[in-house]
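A.B. asks:
Residue numbers (the numbering used here): 21 to 183.
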């Protein structure tokens with residue numbers, strides 16, 4: 021174990037609030053919820069939250085609630101939801117895109133495969149409950165990337181605990 025890794029990892033067996041970032045082009049990019057913006061003039065700007073998770077744009081990292089579920093070989097299992105509205109749970113839609121949805125099953129836990137730990141961060145691989153690695157796929161309409169368990173580019177993820 022390296023000097024920056026704690027003797028007992030802080031996420032092992034515990035629930036916590038954190039942001040998610042992915043490594044893209046040598047930097048950590050924040051994961052946030054995709055929003056559509058509509059300008060109806062008259063100084064009205066309407067935002068519509070689609071629930072899909074994406075990277076790119078100017079949005080801040082979303083804060084998630086990681087609820088400890090169980091432990092597997094070299095993996096920690098969590099139910100992940102919005103910190104603002106825990107009824108919106110992380111799940112995949114029929115096309116494999118990750119998003120925050122209601123009416124999801126407790127079987128929709130997520131696996132973190134820790135690579136390195138520090139006092140408030142864990143660098144990891146991120147997988148669904150079936151073991152499919154979370155990847156990114158390009159958006160048709162912008163430079164943003166959507167998170168998916170389908171075909172796409174693999175990344176390392178950084179979970180940053182909110183203190």
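Cβ coordinates follow ideal geometry from the N, Cα and C atoms, glycine included.
Within 10 angstroms of its Cβ, does residue 80 collect 16 or more other Cβ (buried), or is it exposed?
C.D. replies: Locating residue 80 in the chain shown gives position 60, counting from the first residue. Residue 80 should be labelled exposed.
A.B. asks: The beta strand (DSSP E) that contains residue 102, what's its start and end?
C.D. replies: Residue mapping note: residue 102 aligns to position 82 of the chain shown, counting from 1. Note, residue 102: beta strand (DSSP E), 95-102.
A.B. asks: Out of 35, 144, 166, state which residue places its alpha-carbon closest to the alpha-carbon of residue 115.
C.D. replies: Mapped onto the chain shown, residue 115 falls at position 95. Cα-wise, what sits closest to residue 115 is 166.
A.B. asks: Who are the Cβ neighbours of residue 141 in its own chain at under 8 Å, not counting the five residues just before and after it?
C.D. replies: Taking the first residue of the chain shown as 1, we reach residue 141 at position 121. So the qualifying residues of the chain are 178, 179, 180, 181.
A.B. asks: Report the residue from 151, 144, 38 whose alpha carbon sits nearest the alpha carbon of residue 102.
C.D. replies: Walking along the chain shown from the start, residue 102 turns up at place 82. Of the candidates 151, 144, 38, the one whose C-alpha sits nearest the C-alpha of residue 102 is 38.
A.B. asks: Pull up the DSSP beta-bridge partners for residue 30, would you.
C.D. replies: Your numbering for residue 30 matches position 10 in the chain shown. In DSSP, residue 30 forms no bridge with anything.
A.B. asks: Compare the beta carbon distance of residue 135 and residue 144 with 8 Å and say whether it is the shorter of the two.
C.D. replies: In the chain shown, the residue the question calls residue 135 occupies position 115. In the chain shown, the residue the question calls residue 144 occupies position 124. Closer than 8 Å, so yes.
A.B. asks: Spatial neighbours of residue 52 within its chain, please: CB distance less than 8 Å, with the 5 preceding and 5 following residues excluded, ordered by chain position.
C.D. replies: Counted from its first residue, the chain shown places residue 52 at position 32. 73, 74, 75, 77, 79, 80, 81, 82, listed in sequence order.
A.B. asks: Is residue 168 near residue 97, with beta carbons less than 8 Å apart?
C.D. replies: Within the chain shown, the letter at position 148 stands for residue 168. Within the chain shown, the letter at position 77 stands for residue 97. Contact: no.
A.B. asks: How is residue 84 classed by DSSP in three states: helix, strand or coil?
C.D. replies: Counted from its first residue, the chain shown places residue 84 at position 64. If DSSP states are grouped into helix, strand and coil, residue 84 belongs with the strands.
A.B. asks: Could you give the DSSP three-state label for residue 173: helix, strand or coil?
C.D. replies: The residue labelled residue 173 in the question sits at position 153 within the chain shown. In this structure, residue 173 counts as strand in the three-state DSSP scheme.
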